[in-house]
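Novice: Each residue of the sequence shown is one higher than the one before, starting from 246 at the first, in our numbering.
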Amino acid sequence: MVIAKSELIKSAVLFEEEVLRLGLPVCKERLKRFEKKYKMKTETFLRKFEKGMLGDKPEWFDWLFEYKAYKHLRERLGAIRQIA
246 MVIAKSELIK SAVLFEEEVL RLGLPVCKER LKRFEKKYKM KTETFLRKFE
296 KGMLGDKPEW FDWLFEYKAY KHLRERLGAI RQIA
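(1) Tell me which residues share the same chain as R275 and place their Cβ nearer than 6 Å to its Cβ, disregarding the 5 neighbours each side in the sequence.
(2) Under the rule that 16 or more other beta-carbon atoms within 10 Å means buried, what is F294, buried or exposed?
(3) Does DSSP put D301 in a helix, in a strand, or in coil?
(4) If you draw a straight line from the C-alpha of L253 to the C-alpha of P270, how long is it?
(5) Examine the Cβ distances between the stretch 283-301 and the stretch 255-272 and report whether three or more of them are shorter than 8 Å.
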């Protein structure tokens, strides 16, 4: 059985889209947990963190990483949907 390159590429793109689509709610839920725990929205956290108002608590960096991961997933999903 020979699979055409175009079918293989299409399959890979669809798989990547599904992975990204499933990853977004996971990141979003983690962001909500940070927001609930620290009683502030992610946007507020980012402003305060960037201004140096929160210090260097390791969990702030976890929150920042989670936000960047969420943003990256959204951007990639948007790009994939444009070509899929």
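Beta carbons are placed, not taken as given, at the ideal position from N, Cα and C, and that holds for glycine.
Since the model is a prediction, treat every value here as computed from it, not as a measurement.
Specialist: Taking the structure as given:
(1) Your numbering for residue 275 matches position 30 in the sequence shown. So the qualifying residues of the chain are E311.
(2) Counting from one through the sequence shown, the residue named residue 294 turns up at place 49. It counts as buried.
(3) Against the sequence shown, residue 301 aligns to sequence position 56. Note: D301 maps to coil in three-state DSSP.
(4) Here residue 253 corresponds to residue number 8 of the sequence shown, with the count starting at 1. Here residue 270 corresponds to residue number 25 of the sequence shown, with the count starting at 1. So the alpha carbons of these two residues sit roughly 27 Å apart.
(5) no
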